[in-house]
Each structure stands twice: as C-alpha cells, then as structure tokens.
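For the sequence shown, the positions run 19 to 82 when the numbering used here is used.
Glycine is no exception: its CB is placed at the ideal position from the N, C-alpha and C atoms.
Just so you know, these numbers come straight off a predicted model, no measurement behind them.
Worksheet: the structure to be examined is printed underneath.
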Amino acid sequence: LTKRLRIQGVMVSSRDDQIEMVNAIDASSIRPVIDRVFALEELPIALRHLLSPQHIGKVCIEVS
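This is how it looks when you write it as structure tokens:
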C-alpha cells in the first residue's frame, strides 16, 4: 500500500490570501464536518471507509 501512497495538496493563492481565509473561517461559525479520525496505522481501513457510501464529511488521518 505504501508504494501507491500519494499526498496531494491544495494551493490557495498567496500566503497572505490563505491567512486571510483562515482568519475569516476562525471569525465565523463555519466548521468542517469530520466524519471520523483514523490513526496512520489504520490507513487501509480509512481508505475503505472513504470509498464507502457510509461517510458524511471529512475522513482524517492523524499523524503523530
């Protein structure tokens, strides 16, 4: 599984724009819906959960 691992980022314009966006989110009541948090060791389980129709919201991987 680790040979197929891919990390994908999202570019949000300039750093100043990103800081402004984060500040606006912090000032509002907008919050992401987190369906479930998995440990890194549970990555295969998390991927199966992500591909299933069972999740609603974000599926997160905790990296310590």
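Q: Kindly indicate the opening and closing residues of the alpha helix (DSSP H) around E38.
A: 33-45
Q: Given a cut-off of 8 Å, decide if L58 and E80 are closer than it, judged by their beta-carbon atoms.
A: yes
Q: Assuming V51 and K76 form a contact by the criterion Cβ under 8 Å, report the distance between their Cβ atoms to the nearest whole angstrom.
A: 7 Å
Q | Contact check, I37 vs D53, beta carbons under 8 Å | A | no
Q. Mind checking whether I48 and F56 have CB atoms under 8 Å apart?
A. no
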